[in-house]
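Quick notes on the structure that follows.
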Amino acid sequence: MSIKIRSERLSDPPAIESLIAAAFHDAPHASHTEQFIVNALRRAEQLSVSLIATDRDSIVGHVCVSPIIISDGSRAWYGLGPLAVAPAYQGRKIGSRLVEQALLKLRGLHACGCVVLGEPDYYRRFGFEALPGLTFPGAPSRYFQAIIFANDLPSGIVSYHEAFNARS
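Using this note's numbering, the first residue of the sequence shown is number 113, and each one after it goes up by one.
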């Protein structure tokens, strides 16, 4: 296994869509629309970061980052996800490598911070934590986490791009 991380290319979307569908197929927490969300973000030109992991020529992982809105007006904040790894490759630190690289790219974009909705024990290793005053309606507070790169802690309600409502 020789995993490489690179930015998404123009020819990658069909393979990314298949990968995401497979990765979330049996996930109990999934909406099973994750691949549609990524496609809608791409169409809306809202993929600030879109990275893939490859093993030889096969795409085995993907993560994306898109801008978010915080009700207090904070700027340069982003949302991480969806994060997907092919079922046969899960448990091999590919997701961790994708998250680390996505966070590095965000720092390069001079982001102030990033939020994620996901498993607290997993995302804590990257520096994410539940922050008081930063909320996402409908999500248990411990599953909605943030990492701050610069400036002060924002306080408000987070909204994701309308592409997160994609169903097909």
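Beta carbons are placed, not taken as given, at the ideal position from N, Cα and C, and that holds for glycine.
Here the structure is a predicted model, which is why all the values come from computation and not from measurement.
Query, Result
"Alpha helix (DSSP H) segments (min. 4 residues) lying fully within the region 176 to 224", "206 to 220"
"Residues sharing a beta bridge with R168, DSSP", "For R168, which the question treats as bridged, DSSP gives no partner whatsoever."
"7 Å CB neighbourhood of P266 in its chain, flanking five on each side removed", "I182, D184, S186, W189, L246"
"Residues that R118 bridges to, as DSSP identifies them", "I164"
"Spatial distance of S143 from A262 (CA atoms)", "32 Å"
"Residue environment, P126, which counts as buried when at least 16 other CB atoms sit within 10 Å", "exposed"
"Simplified DSSP state of Q257, which is helix, strand or coil", "strand"
"Separation of F240 from A135, as counted between CA atoms", "23 Å"
"Alpha helix (DSSP H) segment containing S130, residue limits", "125 to 136"
"Exposure label - I269; buried when at least 16 CB within 10 Å", "exposed"
"L153, DSSP secondary structure in three states", "helix"
"For E241, three-class secondary structure by DSSP", "strand"
"Environment of N151 [buried if 16+ CB atoms lie within 10 Å]", "buried"
"Residue burial classification, L163 (beta-carbon count within 10 angstroms, cutoff 16)", "buried"
"First and last residue of the uninterrupted beta strand (DSSP E) at G268", "268 to 271"
"8 Å contact criterion, which F276 and I149 should meet: CB distance rounded", "5 Å"
"Rounded separation between A156 and R279 - CA only", "15 Å"
"First and last residue of the uninterrupted alpha helix (DSSP H) at P232", "232 to 235"
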